Structure formats: C-alpha cells, structure tokens
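>
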Amino acid sequence: MAKYTKRRDKRGYEWKSAYREKEALMLERGYLEVSPHDFYRELFPAGSLQQEPEDGKGNIIATQIRPSGRGRTRQWVIDDSLKMLDKVIGDRFGLIPPISFYGKSHTKENAHELFAVVVDVDYVGKQQLKNLLKQFGNGVQLRPTYLVSSGKGVHLYYFLQEQVQLYRNREEVLAELKEALIRRLWNDTSSIRPDSPDITGIYQGFRCVGSQSKLGADFPVKAYKLSENRYTLEDIKASIPSCKVDLAPLYEKPRRKSTVTLEEAKELYPEWYEKRIVQGEPKQKSKKQGGTWVCNEALYEWWKRKITEEVKAGGR
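Residue 267 in our numbering sits at position 267 of the sequence shown, with consecutive numbering throughout.
#1: Return the chain-ordered list of same chain residues with a C-beta closer than 7 Å to the C-beta of E21, the five sequence neighbours on each side being excluded.
#2: Let's see if you can read the secondary structure: which residues bound the alpha helix (DSSP H) around V173?
#3: Could you spell out where the alpha helix (DSSP H) holding H37 opens and where it closes?
#4: Spatial neighbours of L160 within its chain, please: CB distance less than 8 Å, with the 5 preceding and 5 following residues excluded, ordered by chain position.
#5: Taking 6 Å as the line, does the beta carbon of E252 fall inside it for any heavy atom of the ligand ZN?
#6: How should Y203 be labelled, buried or exposed, when 16 other C-beta atoms within 10 angstroms of its C-beta is the threshold for buried?
#7: Starting from D235, trace the alpha helix (DSSP H) both ways and give me its first and last residue.
#8: Quick check: the Cα distance between L95 and L133, rounded to an integer number of angstroms?
#9: What does DSSP give as the partner residue(s) for L147 in the beta ladder?
#10: Given 8 Å as the limit, is there contact between the region 142 to 160 and the region 232 to 251, that is, 3 or more CB pairs closer than that?
#11: Could you round the C-beta distance between K152 and S100 to whole angstroms and report it? I think they count as a contact, below 8 Å.
#12: Report back the beta-carbon spacing between K16 and F219 to the nearest angstrom; my notes put them in contact at under 8 Å.
#13: Let me confirm a value: Q289 is counted as buried when at least 16 other C-beta atoms fall within 10 Å, else exposed. Which label applies?
#14: Can you tell which of L181, P282, L49, V154 has the C-alpha that lies nearest to the C-alpha of S239?
#15: Quick check on E42: buried or exposed, where buried means 16 or more other Cβ atoms within 10 Å of its Cβ?
#16: Does DSSP put N229 in a helix, a strand or coil?
#17: Pick helix, strand or coil for S286, following the three-state DSSP scheme.
#18: Is the beta carbon of V221 closer than 7 Å to that of S213?
#19: Closest to S35 by CA distance: which of V148, P53, W186 is it?
#20: In the structure shown, what three-state DSSP assignment does L132 receive?
#21: Helix, strand or coil, according to DSSP, for R20 in the structure here?
#22: Three-state secondary structure (DSSP) at G12?
#23: Here's the rule: buried if 16 or more other CB atoms are within 10 angstroms of the residue's CB, otherwise exposed. What is L185?
#24: For a quick check, are the C-beta atoms of D86 and Q64 less than 7 Å apart?
#25: Could you compute how far the alpha carbon of N138 sits from the alpha carbon of E28?
#26: So what does DSSP say about D195, is it helix, strand or coil?
#27: Keeping to the same chain, check which residues put their C-beta closer than 6 Å to that of R207; ignore five residues upstream and five downstream.
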C-alpha cells in the first residue's frame, strides 16, 4: 500500500479563498490598501527619477511578460511623472524592480540606484500571514515599510533611507545581504513550503502593484502600508542574527582607469612594461583561455555555486 504523503500546497480554488482571507485580515488589523500610484511615488520620491533628458537620473523600467507565442515582451520607461505606470497597472504579468535604470532596458549593466530591498515569501496562507504580522509587531522580524499581497505570497518592501548606487563592486555584497534576509524571513512559520526559499538577486523585478496576480484578474496585487520606516543596509544586517555579511566593500570607491604615464609605469611595473611595451605581447585573454580575469573572480565563483547547488525548476 502506498505511503500517504501530506500535501505541501493548496489547490487553485484554495489559494483564491486564502487570498480573500488575507485581504480581510489586513483590513481587520487596520492596514489600508494603498493605490499603485501612491505606492510607487513613495518608493521613488518626486525628483528621484529623470525629469528631463540627460539630467543624470535614472528611470523605472517596467516589463510586460507575455507567454510564448502570445505577443512579445515589452519594456516601458517610466520617468518622474509616473505617467507610464498605467501601461502595467491591470496587466496580466507586469514587473517592476525597486531600481532606477539608465537607458531603456532592464539589465544589470543599466542599473543605477537601489531604492528598496524586497523579499518575496511564497506559499503564504492566512495563518502564515498572521505569524508574520505578529513577528513584525513583537520585533522578532524587521517590520517592512510595505507588505504587498501578490497572490499566493507576499512581497516585503524595506524602503531605504538613501538610494544605493549600484556600482559593480557592490553587487556581491548586496546579493549576500539579500539572501541572508530571505532565509531569515522565509521559514516554517511564514510559508507552507519552508524548505523552498526563492533566492532572487538584487535586480529582480516584482509583480506591479495593481497588476494581476497568478490567481487571475479578480485577484490583483495589492499594497498595504505597515510602517513609516526607512532603513539603512546596516539596519537590515542588524536584524539578522549572526549575520556575517561584510558591508565594508559598499563604502569603497569604484576603481577608475589608471592615469599613470608610460614613463611612470616603466618604474612602477617593470615586468609588465617589458612584456607589453618592449616585447609587444598582447593583452591576455580570459581565465578560461589561460589568461587573466576580466570580471570579479569572487562574484563569478558565488554565482557558480548558486547555479550548481541551489537552482530549482520553477524558480526565477
């Protein structure tokens, strides 16, 4: 006789029922729904995004995802007026990351400033939401600025006191801090699937407030304000017991190209001068081809571990 295994998920109709129960719970606790425009205005304060061409500020990049064969994916540039938000509010699958970008596409090369650290906790039923609210209230968990009900789960937004410039040398540290916060918040009291945390990077987009959740058009993504708090990255680290993430690299100035003259290089780097200038040897290729690294080696190894050890089917 086959051994009975307890089901670790809800069926579609059960999640729809849970959505309504969670909606009622938030209102019962006094957390009022905030409109999409008000939410994004608070996340991206007036004047923090581009107001005119070449003013040195970035824009929101909103992405409309379309299933294969059902139209092409589109990206919308949303400036400080927020007028283009309406392109994704009500959409079937619209994503917005808590980041401003240069250019017209959502790529990490174009990423400019981080406005919030956002954690996605999935498979959250009514009891799990009760647990989270209790932990936010008694200080066990860091209270987010906003809780966004995304359908089956919640997105916890920790707005930052000051935007963080997304220099490449900061990527690894920010990713490690976010992973530590995800593992802190996603547990057996907050999710019915505690062993399957979705470890998302800092560039991850989240379903747009006001767009449809996975449950359908009648179950939109809603934002509820939990506090007036804005945090520093040190605050976030301090909320995670025994967190060993070193934030020091965040305060290092990004490296700039050297302005050393050839004469100075001859004195400072004699071996390099002899090989490259005197002997005319070409610049070495990538490490994989027997040369030098052309990217941050530690960051490469960190992502390689993620790919080989933790990637699961269905994750983002």
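In this text, a Cβ means the ideal position worked out from N, Cα and C, and glycines have one as well.
Quantities reported herein were computed from a predicted structural model and do not represent experimental measurements.
From the atom records:
#1: K126
#2: 171 to 185
#3: 36 to 43
#4: L114, F115, A116, V117, R230, Y231, T232, L233
#5: Among the components modelled here there is no ligand, and therefore nothing to report on the ligand ZN.
#6: buried
#7: 233 to 238
#8: 25 Å
#9: L156, Y224
#10: yes
#11: Incorrect: roughly 29 Å between the Cβ atoms, too far for contact.
#12: 6 Å
#13: For Q289, the pLDDT reaches just 49, beneath the cut-off of 50, and the residue's location in the model is therefore unreliable, although a value from the coordinates is still provided. Classification of Q289: exposed, given that the 10 Å Cβ count is below 16.
#14: L181
#15: buried
#16: coil
#17: Reliability of the predicted coordinates at S286 is poor, the pLDDT of 49 falling under 50, and the value obtained from them is presented with this limitation in mind. The answer is coil: DSSP assigns S286 none of H, G, I, E or B.
#18: yes
#19: V148
#20: helix
#21: helix
#22: helix
#23: buried
#24: no
#25: 18 Å
#26: coil
#27: S150, V221
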